[in-house]
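Engineer: Count the sequence shown with the working numbering and you get residues 4 to 327, in order.
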Amino acid sequence: MVILVRTLIAFGPVPSRRLGRSLGVNNIPNKFCSYACVYCQVGKTLKMEIKRKEFYDPEAIFEDVKKKIEEAKARNERIDYITFAPDGEPTLDVNLGKETELLTELEIPLAILTNSSLIWCDDVREELLRFNFVSLKVDAVSEELWRKIDRPHKSLKLDMILEGMLEFRKEFRGELVTETMLIDGMNYGDEFEKIAEFLKELKPDIAYISIPTRPPTEKWVKPAKEEIINQAFQIFAKVVDRVEYLIGYEGNAFTFTGNIEEDLLGITSVHPMREDAVNELLRKANANWGIIEKLLNEGKLIELEYEGKRFYMRRLPSRDSSRK
Ligand code: SF4
């Protein structure tokens with residue numbers, strides 16, 4: 004059944020470490036995912052799913068994105084990509100193909116950040132081919148680490164996912180990147196060599212190495228130590244021409260599109276904002292910290308600390324700490 008109630012589907016544009024200025028599309032309700040990654044910044048997976056479903060009306064998504072683009076254009080804000088980066092796994096949306104068809108009309112390149120878990124399905128691969136930029140998650144290629152870090156749906160098979168990625172690579176003509184999240188306390192052993200072997204075959208345009216920079220679902224999750232990050236970099240760089248770190252802060256260039264409450268809640272539902280970024284956005288909107296106090300008091304925003312920095316996030320069911 005299609006959810007007709009319009010939530011904040013399009014958000015931003017937000018500064019993206021990979022995509023410049025990206026207008027986000029939140030095409031998945033909080034929080035349907037096929038994984039429950041220990042480092043997820045959206046919070047706990049509430050609906051562990053691998054069956055694709057209808058969530059929102061594709062026309063409603065299109066209209067919401069179009070409206071945000073018009074608002075951003077009126078403010079001379081640049082948009083480099085329309086990016087599917089939702090509150091869960093974007094390929095769970097059975098209407099993804101229809102949505103890309105509609106959005107192509109807007110003549111802005113399309114990007115998607117997927118956990119790759121459904122890429123073994125023919126229909127998912129076909130729909131991903133319509134994107135200009137596809138980011139695939141490759142946190143591990145060994146069963147044990149994959150289960151430990153990504154905590155996948157019990158029916159998923161790692162070998163089918165890896166095969167699916169290689170199959171996709173054969174046909175995809177856009178920019179393909181991989182992202183490998185490194186966390187502290189994992190026994191990586193010879194995992195980096197194994198990932199490198201896979202990357203050698205996959206041939207991504209860029210292999211990104213990232214660490215958690217925003218508050219994770221599991222409080223014990225910390226960024227991997229520098230020597231581990233460097234070790235992964237050196238090993239990947241032997242087989243991939245471009246390996247890059249995604250470990251810096253993405254900056255504060257968030258956009259005010261006319262309604263500060265809507266902007267704050269739309270962005271922070273998928274993208275926790277650092278205190279200095281919130282201040283910068285308030286400044287652009289000519290608003291003051293009172294609006295944050297109000298949203299905190301109304302229970303719409305929450306405040307969290309991570310690695311010595313204060314972050315603000317929208318209160319979502321997946322971030323409700325009382326939920327088990
Ligand atoms: S990080 Fe992505 S794939 Fe992992 S649980 Fe969160 S939304 Fe799902």
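Glycine included, C-beta positions come from ideal geometry on N, C-alpha and C.
The structure displayed is predicted, hence computed values, not measured ones.
Determine the DSSP secondary structure at F35, reduced to helix, strand or coil.
Structural biologist: Reduced to three states, the DSSP call for F35 is strand.
Engineer: Which partner residues does N226 have in the DSSP bridge list?
Structural biologist: The identity of residue 226 in the sequence shown is Pro, whereas the question assumes Asn. I186, per the DSSP bridge assignment.
Engineer: Measure the alpha-carbon distance for Y191 versus R78 and round it to whole angstroms.
Structural biologist: About 47 Å.
Engineer: Can you round the beta-carbon distance between G269 and L26 to whole angstroms, since I take them to be within the 8 Å contact cut?
Structural biologist: So it is not a contact: roughly 11 Å between Cβ atoms.
Engineer: Could you check if N118 belongs to the surroundings of the ligand SF4, using beta carbon to heavy atom distance under 8 Å?
Structural biologist: Yes, the ligand SF4 has a heavy atom inside 8 Å of this Cβ.
Engineer: Look at the alpha carbon of S325 and the alpha carbon of L319, and state the distance between them as a whole number of angstroms.
Structural biologist: Because the pLDDT of S325 is 45, which lies under 50, any placement of that residue in the model is unreliable, and the question is left without a value.
Engineer: Please report how far the alpha carbon of K222 lies from the alpha carbon of D187, in whole angstroms.
Structural biologist: Spanning the two alpha carbons is a distance of roughly 12 Å.
Engineer: Helix, strand or coil for L319? Go by DSSP, reduced to three states.
Structural biologist: Reduced to three states, the DSSP call for L319 is coil.
Engineer: L307 to Y42, Cα distance in whole Å?
Structural biologist: Looking at the two C-alpha atoms, the distance is approximately 15 Å.
Engineer: Where DSSP assigns a beta bridge to M51, which residues make up the other side?
Structural biologist: C36.
Engineer: Would L95 pass as a contact of S37 if the rule is Cβ separation under 9 Å?
Structural biologist: Their beta carbons are under 9 Å apart, which means L95 touches S37 by this criterion.
Engineer: Determine whether the beta carbon atoms of L22 and T86 lie at a separation below 9 Å.
Structural biologist: In this structure, T86 lies closer than 9 Å to L22 by Cβ.
Engineer: Mind pulling the beta strand (DSSP E) runs of 3 or more residues that sit fully within the stretch 122-165?
Structural biologist: If we require 3 residues or more, the beta strand (DSSP E) runs fully inside the stretch 122-165 come out as 136-140.
Engineer: Out of E283, Y315 and C40, point me to the one whose CA is closest to R154's CA.
Structural biologist: For the residues E283, Y315 and C40, the minimum Cα distance to R154 belongs to C40.
Engineer: From what residue to what residue does the beta strand (DSSP E) around E308 run?
Structural biologist: L304 to Y309 is the extent of the beta strand (DSSP E) around E308.
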